[in-house]
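Structure record follows, encoded as structure tokens.
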Amino acid sequence: MSQASFLDSVVTWDDRQCQQNLQEALPKLAEHLQQASIIQEELGILRIICLSFLPWVDIDEAESQVFALVSEKTCDILERLSLDIGMLPKQLSCQQEIHALIELWSELLECFTSCLKFVIDKERVDVSQIHSLPHGAVQLLKGTYSHCKVIASY
-6 MSQASFLDSV VTWDDRQCQQ NLQEALPKLA EHLQQASIIQ EELGILRIIC LSFLPWVDID
54 EAESQVFALV SEKTCDILER LSLDIGMLPK QLSCQQEIHA LIELWSELLE CFTSCLKFVI
114 DKERVDVSQI HSLPHGAVQL LKGTYSHCKV IASY
């Protein structure tokens, strides 16, 4: 099955199908995420992983199956979005481009927030089970506030 047809199929799955196909689909999604190079495509795959599959992952496996990958990719996308926004001229004609980039930023935050909510909803979580999330959270906060400082000059 090609990457496009696999992704097209996965986005139509309901919760039951995501849960049933978790062990097979999650590694494929991780592979597709690593191969993706366009931010919109990466975010689409991140959304599938975080919103459709993460709820079915056992907390003991969440770090290795989801969090490490999501945290790394989130930081990478955040850096690229920041660079894209920073390269835009400070003119009103770029407002639509800035708005589109901020929409992508919002989708990125939604993915990471779903990971944090997943952990918060668990009664007891050892730090070793989520060690990549704190780094990702700090990077997101740093990137967001740095962006806010830059955007304030527009």
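Note that our numbering has the sequence shown beginning at -6, numbered continuously upward. Ideal Cβ placement from N, Cα and C applies to all residues, glycine included.
Whose C-beta lies closer than 7 Å to the C-beta of E56 among residues of the same chain, with five residues either side of it excluded?
-> Working through the sequence shown from its first residue, we reach residue 56 at position 63. So the list reads Q122, I123, H124, S125, once near-sequence residues are dropped.
I91 to D69, Cα distance in whole Å?
-> What you label residue 91 is simply residue 98 of the sequence shown in a count that begins at 1. What you label residue 69 is simply residue 76 of the sequence shown in a count that begins at 1. Their backbone Cα atoms lie some 19 Å apart in a straight line.
Cα-Cα separation, W6 to A61 = Indexing the sequence shown from 1 puts residue 6 at position 13. Indexing the sequence shown from 1 puts residue 61 at position 68. Answer to the nearest angstrom: the Cα atoms are 24 Å apart.
Same chain only: Cβ atoms within 8 Å of R73, ignoring 5 sequence neighbours per side | Taking the sequence shown and counting its residues from 1, the one referred to as residue 73 is at position 80. In the same chain as R73, and ignoring 5 residues on each side of it, the C-beta atoms closer than 8 Å to its own belong to I32, in chain order.
Can you list, in chain order, the residues of its chain whose CB lies under 8 Å from that of H25, leaving out five sequence neighbours each side?
-> Working through the sequence shown from its first residue, we reach residue 25 at position 32. Taken in chain order, the residues that qualify are Q(-4), F(-1), L0, I38.
Please report the residue range of the alpha helix (DSSP H) in which H92 lies.
-> Within the sequence shown, the letter at position 99 stands for residue 92. From DSSP, the alpha helix (DSSP H) with H92 extends over 88 to 113.
Among the residues of its own chain, which have a CB less than 8 Å from the CB of D53, if the five just before and after it don't count?
-> On the sequence shown, residue 53 is found 60 positions in, with the first residue counted as 1. So the qualifying residues of the chain are Q122.
Does DSSP classify S5 as helix, strand or coil?
-> Mapped onto the sequence shown, residue 5 falls at position 12. It is Thr, not Ser, that sits at residue 5 in the sequence shown. Looking at T5 - three-state DSSP - the assignment turns out to be coil, as it is neither helix nor strand.
Out of S75, G79, Q12, which has the shortest C-alpha to C-alpha gap to P48?
-> Numbered from 1 along the sequence shown, position 55 holds the residue referred to as residue 48. The residue with the shortest Cα to Cα distance from P48 is Q12.
State the CB to CB distance for the pair C104 and R40, rounded to an integer number of angstroms; the pair is presumed to be in contact (CB under 8 Å).
-> Residue 104 sits at position 111 when you count from the first residue of the sequence shown. Residue 40 sits at position 47 when you count from the first residue of the sequence shown. Beta-carbon to beta-carbon, C104 and R40 are separated by about 6 Å, close enough to satisfy the 8 Å threshold.
Out of K115, V118, L19, which has the shortest C-alpha to C-alpha gap to L44?
-> Counting from one through the sequence shown, the residue named residue 44 turns up at place 51. Comparing Cα-Cα distances from L44 to each of K115, V118, L19, the minimum goes to L19.
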